[in-house]
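Numbering (the numbering used here), first residue to last: 62 to 368. Worksheet: one structure, shown below.
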Amino acid sequence: MHTGSARHFGDAPALGHDAAYDRAEEWLSGIRALWRSWGEGALVRDAPSGVYADGTRLDATAHRGEYYAFDGPLNAVPFERGDPVIASPGGSGRGLAFAGTNSDIQLALAPLTERSVREYRARIHAAAVAAGRAPSDVTIMFAIQPVIVSSPEEADRLVAASAQPDEATLRQIAQRQSSDLETDLTALDLDAPLPEALFAEHVSQGSLRRLIGDRDRATTPLRAHLTALARLGRIADRTGFVGTADEFADLVEELGTWGNDGVLLWGDLHPVTVHRTLDELVPVLRRRGILRREYTGARLRTDLAAF
């Protein structure tokens, strides 16, 4: 569930940050009503008698909300193994409340320090309890973009090379951030601070924090923000995510001691990059018992909570 701008799909005006979550909540509650509009035994599928469904077991859903209007029952075969798994991002108070109420998985972007991880998890768990759920109902997965290399020496070389990014690298980072922030950073002066009213209200607060960090927005030039994003750090000293497979496994094990549910690997999905990462990483993680060797064979929801 993503509360991105309606501009992705049409010319509707963008909603404010919290209103976008209100819309998502209405949509999800409505779609769940449709998913569950086929009662037990409603699907008959008896070809000899010509009976496909038992209409007395269908719920004539009628949704009239602030953002959506639709009727049911759902005109598709009902799910036989329960509702789909709901995953959501979002680090704001409203985003965490949404996850606590609705989500099976929360995709977390936060500094991977013990204090930050524990505080983030506590806020999600509190939101789940406030919504009448158990803390264990929400699997929290911290997103990590690792750069796995074959030796500490290679990691040191990459980190050193990233300290002074060239103009092309900064422009490339600006393009990526423009997508996340729904704002064209490439048209801005790299040596001027970000304009005060540059970002719309609906823009992700987590993405903004990722760009600006703890630097003073009013006085820091865009170049400094992009340079900070370009700089890599070592897994070994917890300044970043460049390191060997064993160093990454050390990090995951440390997260586990803080009660972590798991990690989400993200980044460049080119096949070469994926193989370069996983071919090094998977054997180490399996050897340490961090990565499972098989699935339960049950539902996705069961597999997500079983390890």
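Note that the Cβ used here is the ideal one computed from N, Cα and C, for glycine as well.
Length-filtered (4 minimum) alpha helix (DSSP H) runs lying within the region 259 to 292 = 266 to 273 and 283 to 291
Mapping the DSSP letters down to three states, classify ASP165 as helix, strand or coil. Reading the sequence shown from its first residue, position 104 is the one you call residue 165. Coil, per DSSP.
For THR309, report the span of its alpha helix (DSSP H) as first-last. Position 248 of the sequence shown, counted from the first residue, corresponds to residue 309. The sequence given here places Phe at residue 309; Thr does not occur at that position. Per DSSP, PHE309 belongs to the alpha helix (DSSP H) from 306 to 318.
Worksheet entry | For HIS124: DSSP bridge partner residues | Locating residue 124 in the sequence shown gives position 63, where the first residue counts as 1. Answer by DSSP bridge pairing, in chain order: PHE131.
Local conformation of ARG337 per DSSP, three classes
Numbered from 1 along the sequence shown, position 276 holds the residue referred to as residue 337. The answer is helix: DSSP assigns ARG337 an H, G or I state.
* Helix, strand or coil: which one does DSSP assign to ILE296? -> Mapped onto the sequence shown, residue 296 falls at position 235. Correct three-state label for ILE296: coil.
Exercise for review: Compare the beta carbon distance of PRO282 and ASP252 with 8 Å and say whether it is the shorter of the two.
Suggested key: Sequence index remark: in the sequence shown, residue 282 carries index 221 (1-based). Sequence index remark: in the sequence shown, residue 252 carries index 191 (1-based). Closer than 8 Å, so yes.
**Asked** Would DSSP call TRP99 helix, strand or coil?
**Response** What you label residue 99 is simply residue 38 of the sequence shown in a count that begins at 1. Strand.
For the alpha helix (DSSP H) holding ASP217, just list the boundary residues, first then last.
For the purposes of this step, residue 217 is taken as the residue at position 156 of the sequence shown. It spans 213 to 222 - the alpha helix (DSSP H) in which ASP217 sits, taken as one unbroken run.
**Item:** Close Cβ partners of GLY126 (< 6 Å) along its chain, the five nearest in sequence each way excluded
**Value:** On the sequence shown, position 65 is the one that residue 126 refers to. Taken in chain order, the residues that qualify are GLU87.
Q.
If you reduce the DSSP assignment to three classes, tell me which class ASP107 lands in.
A. Sequence index remark: in the sequence shown, residue 107 carries index 46 (1-based). DSSP places ASP107 in strand when its eight states are reduced to three.
Measuring alpha carbon to alpha carbon, tell me which of LEU246, ASP322 and VAL210 ends up nearest MET202.
-> Walking along the sequence shown from the start, residue 202 turns up at place 141. Out of LEU246, ASP322 and VAL210, ASP322 has the C-alpha closest to the C-alpha of MET202.
Which partner residues does LEU365 have in the DSSP bridge list? On the sequence shown, residue 365 is found 304 positions in, with the first residue counted as 1. Its beta-bridge partners do not exist; DSSP assigns none.
- For the alpha helix (DSSP H) containing VAL112, list its first residue and its last residue. As a working note, residue 112 is residue 51 in the sequence shown. From DSSP, VAL112 is part of no alpha helix (DSSP H) but of the beta strand (DSSP E) over 112 to 114.
Query raised in the report: Mapping DSSP to helix, strand and coil, what is VAL190?
Result: Here residue 190 refers to the residue found at position 129 of the sequence shown. Here VAL190 sits in helix by DSSP.
- Message: Whether or not the region 297 to 309 and the region 184 to 200 are in contact is what I'm after, with contact meaning three or more pairs of Cβ atoms, one per stretch, closer than 8 Å; do they touch?
- Response: no
Q) If you compare alpha carbons, which of ALA285, ASP277, ALA221 and ASP298 is closest to ALA235? A) Position 174 of the sequence shown, counted from the first residue, corresponds to residue 235. Answer by Cα proximity: ALA285.
Checklist entry - In three-state terms, what does DSSP make of VAL210? => result Taking the first residue of the sequence shown as 1, we reach residue 210 at position 149. If DSSP states are grouped into helix, strand and coil, VAL210 belongs with coil.
CA nearest to the CA of LEU290, picked from GLY274, LEU89 and ASP298
If you number the sequence shown from 1, residue 290 lands on position 229. If we check each option's Cα against that of LEU290, GLY274 comes out closest.
request  = Can you grab the Cα-Cα spacing for the pair ASP107 / THR200, in whole Å?
outcome  = In the sequence shown, the residue the question calls residue 107 occupies position 46. In the sequence shown, the residue the question calls residue 200 occupies position 139. If you take the alpha carbons of ASP107 and THR200, they lie about 40 Å apart.
Notebook entry, point to check: Under 8 Å between the Cβ atoms of ALA94 and MET62?
Noted result: Translated into the one-based positions of the sequence shown, residue 94 becomes position 33. Translated into the one-based positions of the sequence shown, residue 62 becomes position 1. No, these two residues do not count as a Cβ contact at 8 Å.
Margin query: Which residue marks the beginning of the beta strand (DSSP E) containing THR200, and which one marks its end?
Written below: Position 139 of the sequence shown holds residue 200. Unbroken beta strand (DSSP E) run through THR200: 200 to 205.
What does the Cβ neighbour count give for HIS263, buried or exposed, with the cut at 16 atoms within 10 Å? On the sequence shown, position 202 is the one that residue 263 refers to. Buried: at least 16 other Cβ atoms inside 10 Å.
Outcome for SER149 when other beta-carbon atoms lying within 10 angstroms are tallied against a minimum of 16:
Residue numbering aside, residue 149 sits at position 88 when the sequence shown is read from its first letter. Buried, because 16 or more other Cβ atoms sit within 10 Å of the Cβ of SER149.
| said: Buried or exposed, going by whether 16 or more other CB atoms sit within 10 Å of the CB of SER212? | reply: Indexing the sequence shown from 1 puts residue 212 at position 151. With fewer than 16 other Cβ atoms within 10 Å, it is exposed.
Please state if the CB of PRO74 and the CB of TRP99 are separated by a distance shorter than 8 Å.
As a working mapping, residue 99 is identified with position 38 in the sequence shown. As a working mapping, residue 74 is identified with position 13 in the sequence shown. Not a contact, by the Cβ cut-off of 8 Å.
Legend entry - CB contact flag (PRO139, LEU104, <8 Å): By one-based count along the sequence shown, residue 139 stands at place 78. By one-based count along the sequence shown, residue 104 stands at place 43. Yes.
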